Amino acid sequence: MKFLLKILFTTLAVFAGAYLIPGVETESFTVALILAIVLTILNVTIKPLLVILTIPITVVTLGLFLLVINALIILLADYLVGGFYVSGFWTALLFSIVVSIMVSIFESFDKD
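Each residue of the sequence shown is one higher than the last, beginning at 384 in this note's numbering.
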């Protein structure tokens with residue numbers, strides 16, 4: 384049940400982020416739901432590998448390179464999910480920050 388709630392929070396954050404940020408488009412709520420599932424899968428599979436491979440640069444940048452990894456995950460999701468469009472790297476970076484903040488806010492309301 385917790386997993387489904389996290390997917391719902393991510394879907395709402397994606398949909399809201401696409402509405403707030405120019406250069407990011409989702410065609411429908413269904414596309415946002417599919418994107419949330421794809422982002423979850425990418426964050427569980429690809430992101431840990433990228434984090435391990437980029438440990439030196441992450442340490443040198445004091446962790447800021449993790450934002451670049453998040454933007455790359457968003458751009459990969461843009462490639463994989465039809466109906467979701469991001470205009471460029473900086474837009475993907477801003478979108479990843481906004482979605483992360485929104486998911487954190489939504490999850491703060493869910494206290495078990």
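Note that the Cβ used here is the ideal one computed from N, Cα and C, for glycine as well. Bear in mind that the values here come from a model prediction, so they are computed numbers and not experimental data.
Taking only the alpha-carbon atoms, compute the straight-line gap between residue i and residue j and give it to the nearest angstrom.
i, j, result
"residue 462", "residue 398", "17 Å"
"residue 415", "residue 450", "21 Å"
Leaving out the 5 sequence neighbours to the left and right, which residues in its chain are closer than 6 Å to residue i when beta-carbon positions are compared?
i, result
"residue 475", "454, 457, 458, 469"
"residue 403", "none"
With DSSP run on the structure shown, which of helix, strand or coil describes residue i?
i, result
"residue 482", "helix"
"residue 408", "strand"
"residue 414", "helix"
Once you ignore the five residues that flank residue i on each side, which residues in its own chain have a CB closer than 7 Å to its CB?
i, result
"residue 417", "464"
Cβ-heavy atom distance between residue i and the ligand ATP below 6 Å?
i, result
"residue 429", "Inclusion of the ligand ATP in the displayed structure is not the case, the ligand content being empty and no account of it being possible."
Starting from the C-beta of residue i, find all residues in its chain whose C-beta is less than 8 Å away, skip the five residues before and the five after it, and write them out in chain order.
i, result
"residue 446", "none"
"residue 377", "Because the chain here runs from 384 to 495, residue 377 falls outside it and cannot be looked at."
"residue 472", "454, 458"
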